[in-house]
Every structure is written in structure tokens, then in C-alpha cells.
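Reviewing the structure listed below.
Chains as they are written, first to last, in UniProt numbering: chain A, 1 to 676; chain B, 1 to 676.
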């Protein structure tokens, strides 16, 4: 029986935090979900999934990887049956997967195998496989990364040699390091895959990596086809992605027919002649799609971290007792709210950024389908920088939130450890962040050179990702003088972040190569943060509601900007953008005071602002983040289900504990005898 | 069969990194281990354990918690048998546990139950239980934390009411939140424990938390004694400490005899009169002991992170091919060595810091045993600050190292994910870092007030933990002018870090309460970093060897100081300690250039410097950190043992995959028919 808190203080605290708010939650929720209809659909999906035992989560923490994998397969099949039963639209199906929010083998089919094949396969290939792929009559993966190469795609080693005699390609793994590795869904699930391999033309010319469609397992009995060696690569760090069968594959001269080259853009003729794609980067769409979805996903992760940690900090009381005889709510400590409210602001910003980016991506993709690559460069620049920023920030936010919960944050039942383990690889997958930083810097320097060669008239050519460079034009005015007003003015904060980006890019452009080992990380961050700051400016001016709700959300966005400026202080001080005044001593103290005051203004709305994310207890799966605030009861309940608790005396007692104690008792008795 | 790399390039690269060094590894190793004898003992223990199948590690990644717990019990028993067989001394036994380096239930007996009981139990209690405890004839835990309170010990709720009639104490859990929680070894293993409970005297006076010795389970059959409810609290986040049975306990009016109060200092007479301890903080020894051991442990964690990541970055090649036709070694990229060499410097610093702290602790403990508390305050101040710094830094270092390894760093076989999961709770256990920060700040402000009231003559009273405050005396000279020389001068760097601490403490002293939400974190860090910097200065001047070895280690220590200054730039710039010059533009560029140059000087010695830690492959248990550099073969071998690979077709095929594919094939065929 669970011991019940007779005072139910935690539940009272949670209720009070909601009662005293005058925010309009439905208005905020529609803002977060992009409209009421979207929220309704989302809710419907959560309802269906959370009431179906297949999607039950409470046993997750106790399963082995093999059991987790089986559970994921059961969920995958059930999801398709529900789709059939409820006649879900494609959008509804997508929303159902977002709501489920578990890494599963089928995710890779949806995120990579299907879009890449559909957008780059020839009409013949799609005629044969299109419907099978769309309906999961075959299940596929995307075989890019190798044991020896990840982000550096140009050095992949797997080969696809064209054999003119039979008009086939021969897929081969020539070295250990060419073994395909880390391929989600490859290990045990996929029947087919798209493999990245160097195209070798007759005569031996190497045309670099191209994509090939290949069958991996028999559709009769799921056995691996001859010439292919396949397996699972083993568990991931910290138990992350346990249900996904990331796999390896080696190919031993495996032949595939000519039509299985994804030849919508680049082609090899029957005679073995290579036909160039119309644009060198036209096949980047798939990669950009995945990166663009990562921004929304990061926003969701931040929202979960904020919800769980703010709820627990609201009901947890520690410290000296006040007049009411209760200890102080932990959320009211400066060192707590200073850590948690910025996470809340990140969530609101990144969810909007993700939505905007998806729209831009869709616009680009529909142009790309007709061979128009005009939007590609800007989307590429934007997604590289945002990918780095959203993954780095979200990983950090989850851990800051987890630690804010003290000891209990380290319980698996707190729920954030699992979120962390699944989010942390996002810093290294889909382009290692340190490699992407270099791309961002190269892009910024290229824009700067273009600007300089064109002079003032070039300002109109600046895209959103390089708009901050306008400040380097001769026609630009000097950096603004910082006053106390600056800290309450979003426009001024955005301008400061743009100046910092402009200055650091200008400084990087004249820097001797390799004179500063970490400069590219700082430049990349400054450039991306200037872009995001400008976007936040547009979010503020485009807010679809005003009044009290509008003022609170504007405050949250301003907190984003203020804490961003604080994090950028080294650059801002180094470049003299915030000069030290002998008068006041520390020139940063006004900024820090402004952050503290804004946090205190937002604090009473912290719970409603997290409620607006609309998470159910099933989605959060966190004993400390339960909606009703009854955290200790939830923790107690969860602990009772631990398998070790199913027997009073552990299985290892007879074999290990008893002999250990008997040995010690014997030695102790010998020791006391020898003393006598 | 494992595919073999025909070129064995990775092994060649590793060999070359060792061949070109002229460092004297045995000299460095003795420095790290504190003498040749200690290293020899360590080696002997590693040899014994690593060749014993009980301590085999390769299956760890696939075990459930229950299996991990059983494995830990088996290792515990085997360790005792080895101790008997080889007649290990207490020091050898300790070194064997350090070498094993796995979180186990018995650890809490050794680290908390035994030292607390031995140092605070009455002679009568020790006569009865001392030998049993020493020989593990009983196994114990330390029941402090409750569901509702952790670091805030003063608010613990469990009660121990003295019953004069029977001269007993009655231990009771009055509320849900008073349930003892997070108690290592309590869940399934411990037969006894020391419980923190509020002492309630006759008449109802609450004398606050005191310690009581209590039996939890029967020595006959290991069943839980009447009136007590015990269980395991469930899995930890990220799979950390899986083998430890952190437990909960509730007490329902459980009586224990009078002698079972740990009454060496505070006592209750037979009549129920309370006898004050001679010093309010005399019982702090146990807590300080655990914190002091955390510094060495953090140093070891840093050393592991540095070894694994530097080895992999040395043999991993990525990027454009050079004249030899090989891609560039990843360690040669600035963004890589800039991340990894500082971790190496942290390891060298913290290992020495840990040894110094243990010596100081031992000196204090022997005085404390005779009631002399004169060294307590300084050890308390030092350990609070160092606990925060060493845990925060080591956690960050492991994750920086893990991410530097790119995608493969996320494999469980890379080994650092497991180290992270076990190290990350150190930020919140044994005093939450954010709470300890406040203690550090309070200590610094107290020292400042004492200094101010005593004036110049007080300088001689400054302890090492507050030595930096001398700079605030009227007799102190002004902060030094930064020149290019500063960056190559360790003394100047230390002085800069001390000035930064002095300035921020002075600024904090005059700051309105709650005007800056994050100031205490910055002050605490500055104070602790000034202390460590001064210690590093002593390490440099006291280096027990010179010549090339000395120059390299001095360089490594200087890298510590330089990167510390870089991380402190916001404070240093804010307080005008590094004024911006209009001439050079960015005043920080010289510092960054100095870091880069020093990194490049140290780079060729990176592998030997990690070899000097002396880790065996068994200790590191990392496919990417293997001594011989054959990382891809190691990764391949480990993957083959994944349980999912034991069948070609997964167990879930018939139930889930086949029906999924059949449904999809049916729908695809219907779709194609309806088109016809």
C-alpha cells in the first residue's frame, strides 16, 4: 500500500499555482501547436495511444534491449492497425508518431528511406516499389555511415561498380572500415535499404558517392540475402535508443539491376556513361529535411524538460520554514528559477523556429522537385547553424533541468535521464556539430566577401541568415551605446547580438589560419544566434494575441534575448560593445539585474506556461512531472514495481550474501577469541 | 569471423605516437601514483582482478539490473576470498576496490557505514559490533536522505524518541516524505544501518538530527525485521549505478537499545538528559571524508576520459588526404586538440589535488579524534568548493571527450557513456552543488569581514582557502598590467585568477540581496578556482623531476591555468583586469593564441601522457580506447556479442514484422489494382 501524504501539500501547491494565473491557456496552446485544429488532432492521437495497452510505458525501465525491440515492433504493427481502423490521414499518422515520441526502427523508414527513395528514385523504380514503400509492404533503411566515416561523406568507401555486360551495379565493401555501421533499422528489421556507395564507371573512374536501392532480406522468411552480412551494432551509451536496431552490413560483390540506382538526377546510361546532375547539391534535400525536423524536435525536448523540472520545483519545498510553517518552494530560489525559466523561453522560441523552418523547407522542396535550386543555399546555411544550436541547447537544457531536481532527478522515474540519453547523440549525428560549425563559418566568410566586393548596393542581396552583415557596410551607423533602456528593449538586444556576430565574423576574416583553436565554434554560435535573435524579433512583432497573454509571451521572448546576451558576454566585452565604466564598476551588473527582475515577473506564470505545452502524464512519463503535483506518491508507486522488490530476500542471498556474512562472523569471533 | 584491417593503419599510428616520444613514462607514472611502491601495488591488484573471471566485464552491457546486482554480490564475495588468499593489507584491499572501480552495494559499507560507526560509536557499541563491521560479518548502510529532504539535513523528519522507562529509542517515520530514500545497499543487501533521526527528548524537546545504529534484517534468513518496510527505489537515470540497491525504508515505532545511539560526542543520559557535543560540527568528519575522496575519484574519471578520447582521436583519420595518401589524424584538428588536451591537464591537476586533500583530511581526522576541531573549518571550506568544482568539471570532461569521438562515442562499447552515467549524480549527491555554492560564498564573505575588521595585520591569519583576499588589503599593490609575457608565466596567471576572485567577492559583499540570481555560482567558482590555481603553482614549484619531463608537465599545468583564465574571461573583462586596447582590437586574442601554441607543443606527447595513467584495457573497457589502437576490430568484436545477433531472424518476426509486411503488400497490391 502506498503511504498517502495526509496534507497533500504538493497537490495544493500545484493547484494554487494554476488558480492564481490569468493567462488564457487555450490561446497559448493554439500558438504553440500552430492552430486549434492541430491541437485537437494532437489531443485525439494522445487519447487513442495512451488508452491502448500496447503503448503503455510503465514497464519500459525494466526491459532488456531485446524486449524493448520487441515492444517497438508490437507498437509499430499496432500503429498501422489503428491507422486502418480510424482511417487516419497522413498528417494524423505523423502526429501520432510525434505524440508517441519513442525511437523505433520504423522511424528511419519514414524519415530517411521513404523520402530519399521517393524524391530521387527513377519513375521505373517508383512504379515497382512506390506503393510497397508507402504501405510498408517492404521496410527500409538508409545506409550511409560507415565504420570509418560519418559526417565526412565524401570519403565513404563502399563501391557500386557498373558492369556494362549485364547492366548491373556491383555493391561491395572493400575494407573493414567500409562496413556500414550505425544504420537505424538495419540490424534486424529492414528488408530493403538505400546504400551510399562510390559509383565506379567502366574504366575505373570514381564518380563519388551515389545512392542505390538494394534488397537486404528475403520477403519469404526474412533471412539475409546471399553475399550480405548483417547484424546489430550493440547497445548505445546510457541506454539510449534501446529499441532501435542500429545495424552493420558488409557487401561481398552483390549485384543489383541498373534501375536500382536512384537516378532521378545523376544517371549512368546503359552504355556506362555518367550523366551529371543539374546541380551538384540537388540530392541534399533528404539531409536538409532531417535537419529541419530536428529543430521542432529540440523544442519539444526543451518543453518536456521545462515542464517536468518547473512542476517539481513548484511542489518541492526545502529550506527554512516561513510564517505559514512551510519550507520555501524551491522554484522561488534565485539559483533555481534562473536555471529553469530560460529553458521555458528556449522551448517557446524553438517550437516557433521549427515551424518556420518546416515551412521554408517545404517551399524549397517543391522548387527542388522541379530542378529549381535557388532556395537551397539559404536553407542549407540556416539548417546547419540551427542544427548545431538546437541540439547543443536542448541537450544542455535537459541536463540543467535534471540537475535542478537534486537527487531525485537521477531516478529513472524522474523521466529526464531517458530524454537526455535519446537527445544527446543529436550533437554528433546528422553532421557532427563541430564539422557543421566549419560550414557555418565558411558560409559567413563567403557572404562577407560577396558583400565587400559589391559594396553598399549589396545590402539588398543579404538573406536572413546573413542579414547581420549589413552592420559592416560603410553606410551602417556605429554600434549603439548601451543604456539602462537597452535591457528592457528587445530590438536593442537583437541589434547587440547582430553586432557581436558582425564583429566576430570580421575579426575571423582577417585572422591568420590556425591562430585560435576554438574560434570557429564561437563564430558559428554568434552567427546562428544573430539569426535566431532576428527571428525572435519577428515572433514578437507577429504575436497573434495581445493583452496580458501577449505581454507575458513578449517577456518570455525577451528573457531568451537577455540570457543569450549574458551568454555572449565574452564576445560583447571583448569587442567593446559593452564598455566598462569606472562609475558603476562591473558593466554587466545591470544586465544581470534585468534578468533577475524579468524572471521574478514571469515566475508566477511558470506553471501555466508549461501547462500550455499540453503534455499528458503518459507523454512525460515522469513521477516528478505529474500534472497533479503528487510527486512523492508517484515516486513511491513506481518504486514498488522494481523487479528486485518482487522477493523480500534477493536471489543472490544463499550464494553470495550468506557466505560473505558467515565468513565475517567467523573472522570476528576469531578476533575476539585471540584478544581474550 | 572479424574482418581484419589489412593495413593495420590504426595500430601503426598508435605505435608511432609512442615511438617518437622521449618522455620517461615510469617517472610520470610514479608522480601520478604517488610513488613507485603504490604503482606496483596497483598493478598487482589489476593483474589479479583482471585475470579472474568473476571480474570479467564484457557481458555488463547486456545485463538487467537484477543480473548486475547479482554480479556485484559475486564480485564482493570473491574480493573477500582473494583478500584472505593473498593476505592483502587494508591499503591493498582499498587499492583493489579502486582498481575495480565499479559502483557496488558494499561500497557504502566501506565509505559511510564503517567510518561513521567507528568514529562516532560509543566504546560499548564498538566492542559489540566493531569486529563484525570490520570483517563484514554484518553489512551496513547509512540512512540519511529522505524522500522529502536531501542536502538540507536540518529538516529531516525521521524521529528517535527516547523512552526513559525502558531506556530505548523509538525510531519512527511520521510522514510519507520522511521515508528514507536513495540509501545505497539498503534495498536488498544491508543487515544493519546508521539512521539519521531527530532526537526527541522526554518532554518533547527536539534536539535535531543524530545518528542511531539499527538492525534491519535478520542474520538468520535475511528477512526484514518487524516494523520496518524496505525495498529498492528502482533504476537510476541513464542506467547508472545499476548494480547498487539504493533503497527506501519506513520505520513504524521500532525500538532500539540506548547504546545504539552513536554517542561518542552527543549523548542522552539514562535519565533522558541531553549532553551537548564539544563542538557543533564535530560529527562532520564522515561527510568531509566522502567529499575529500571525490576529488581523487574525479581525477581518475578525467584520466579515463582523456585516455580513451585521445587514443581514438590519434588513430581515427578523417578529412582530405595528405601527400602520404592518408586522411588527417583527428587529434591534429584544432577543434579536437583544443577540447581534449585541457581534459588531460585537469586529470593531472585533480589527481594531485586529491592526494593533497587526503593528506590534509587525515591530519584533521587524527586531531578530531582527540576533540581538536582547529583544522575543521579550513577543510570544510576547501572540500565544499572542491567538491563542486571537481564534480562539475569531471562530468563535463567526460561528455566533451565522448562527443569528440563523433558517432561511435555514442556506442556503449566506447565506454564513456557508462562513466558519464555513474559520474553525473556526483553533482547532486553529497551536497547539491548549488547548495554548496552558497556555503562557499558564505565562507568567503565571513573571511572578508574578518579581514576587514582586523586590517593589514590580519593577512597572516589567511588560510590557503582565503589567501586571495590578501589582494584586498590596503597594503596590496594594484592588479598587474597584462602583457604578452603574462600568457607564458604561470605565476602571473595564478595572480590573475586570484585578483578575479578577490574582485568578485568584494563586489558580492556590497551587492543588494537577490539582485543577481546567478552571482553565487560565479563567486563560488572564482573562489575555488583561485585556490586551485595557487595549488597548481605549488605543484609546479614542487615538481619532483626536471629536464624534458619537467618542462612538459609544467606546460600541462600552464595549459590548465590558461584555459581556466579563458573560461573566466567574463569576470576578468567585467572587472577591467584585462582592459581592451584600441590598438589590437580583441584583447583576448593573445590569450587564445597562447593556448593554441601551447596545445601544439604538447600534442606530440598526448599519447605518452595518457599512457602514464597506466590504465589496462580491462580497466577502461572501451573499444575505442584500446592500448594497441585497433579500434575498429575491437568495435566489431564487441558487436558480435549483442544478444540480438544470436539469431539471424529476430524473435518478433512471426508476430510483428511478417504481419506488418503482409498488410503493406496487400494494400500496395490493392492500390495498383484500383489504378488499372
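The beta carbon of each residue, even a glycine, is placed where N, CA and C say it ideally should be. What you are looking at is a predicted structure, and each value in this text was computed from that prediction instead of being measured.
The C-beta distance from residue 298 of chain B to residue 401 of chain B rounds to 14 Å, too long to fall under 8 Å, and the pair is not in contact. Rounded to whole angstroms, the gap between the alpha carbons of residue 487 of chain A and residue 340 of chain A is 20 Å. When DSSP states are grouped into helix, strand and coil, residue 261 of chain B belongs to the strand group. The beta-carbon of residue 222 of chain B is placed less than 8 Å from the nearest beta-carbon of chain A. With contacts defined as CB atoms closer than 8 Å, residue 13 of chain A and residue 596 of chain B fail to qualify as a contacting pair.
Here residue 491 of chain B is exposed: its Cβ has fewer than 16 other Cβ atoms, across all protein chains shown, within 10 Å.
Across the stretch 235-268 of chain A, CB contacts with chain B closer than 8 Å involve 235, 236, 237, 238, 239, 240, 245, 248 and 250, in sequence order along the chain. Contact between residue 231 of chain A and residue 247 of chain A is confirmed by a C-beta separation of about 6 Å, below the 8 Å threshold. Taken in chain order, the complete alpha helix (DSSP H) segments of 4 residues or longer contained in the UniProt domain "Acyl-CoA oxidase C-alpha1" (284-443) of chain A are 285-315, 334-369, 376-404 and 416-423. Take residue 549 of chain A, set aside five residues on each side of it, and the residues of its chain with a beta-carbon closer than 7 Å to its own are 23, 24, 27 and 28, in chain order.
Within the same chain, 618 and 621 come within 8 Å of residue 57 of chain B by CB-CB distance, once the 5 residues on both sides are set aside.
Taking 8 Å as the threshold, the shortest C-beta distance from residue 89 of chain B to chain A does not fall below it.
The continuous alpha helix (DSSP H) containing residue 90 of chain A extends over residues 90-100.
Looking at the DSSP output, residue 249 of chain B bridges to B/180 and B/230. Approximately 5 Å separates the beta-carbon atoms of residue 388 of chain A and residue 433 of chain A; this is inside 8 Å, confirming the contact. Ranking B/214, B/474, B/635 and B/435 by CA distance to the CA of residue 406 of chain A puts B/435 first. Look at residue 183 of chain B: its C-beta is not under 8 Å from any C-beta on chain A. Taking residue 403 of chain B as the centre and dropping the five residues before and after it, the same chain places the C-beta of 409 closer than 7 Å to its C-beta, in chain order. For residue 129 of chain A, there is no enclosing beta strand (DSSP E); the enclosing alpha helix (DSSP H) covers residues 123-134. Close CB contacts of residue 634 of chain B within its chain, under the 7 Å cut and outside five residues either way in sequence, are with 623 and 626 (chain order).
For residue 195 of chain B, no alpha helix (DSSP H) encloses it; the enclosing beta strand (DSSP E) starts and ends at 192-200.
Setting aside the 5 residues that flank it on each side, residue 507 of chain B is surrounded in the same chain by 575, each with a C-beta closer than 8 Å to its C-beta; the list follows chain order. Looking from the CA of residue 259 of chain A, the closest CA among A/128, A/177 and A/150 belongs to A/128. A distance of 8 Å or more separates the beta carbons of residue 264 of chain B and residue 130 of chain B. The beta-bridge partner set that DSSP reports for residue 140 of chain A consists of A/192. Bounds of the alpha helix (DSSP H) holding residue 72 of chain B are 65-86. Residue 394 of chain A counts as buried, since at least 16 other C-beta atoms from the protein chains shown sit within 10 angstroms of its C-beta.
For residue 161 of chain A, the enclosing beta strand (DSSP E) stretches over residues 159-163. Shown here for residue 47 of chain B: not one same chain residue has a beta carbon closer than 7 Å to its own, the five before and five after excluded. Close CB contacts of residue 524 of chain B within its chain, under the 7 Å cut and outside five residues either way in sequence, are with 385, 388, 437, 440 and 441 (chain order). Residues of chain A whose Cβ lies closer than 9 Å to the Cβ of residue 278 of chain B do not exist; the shortest such Cβ separation is about 27 Å. Counting other Cβ atoms within 10 Å of its Cβ, residue 316 of chain A reaches 16 or more and is therefore classed as buried. Taken through DSSP and simplified to helix, strand or coil, residue 276 of chain A comes out as coil.
For residue 155 of chain B, the nearest CB of chain A lies under 8 Å from its own CB, placing it at the interface with that chain. By the Cβ rule, the stretch 156-170 of chain B does not count as touching the stretch 103-111 of chain B, because fewer than three pairs are nearer than 8 Å. For residue 172 of chain B, the secondary structure class from DSSP, reduced to helix, strand or coil, is strand.
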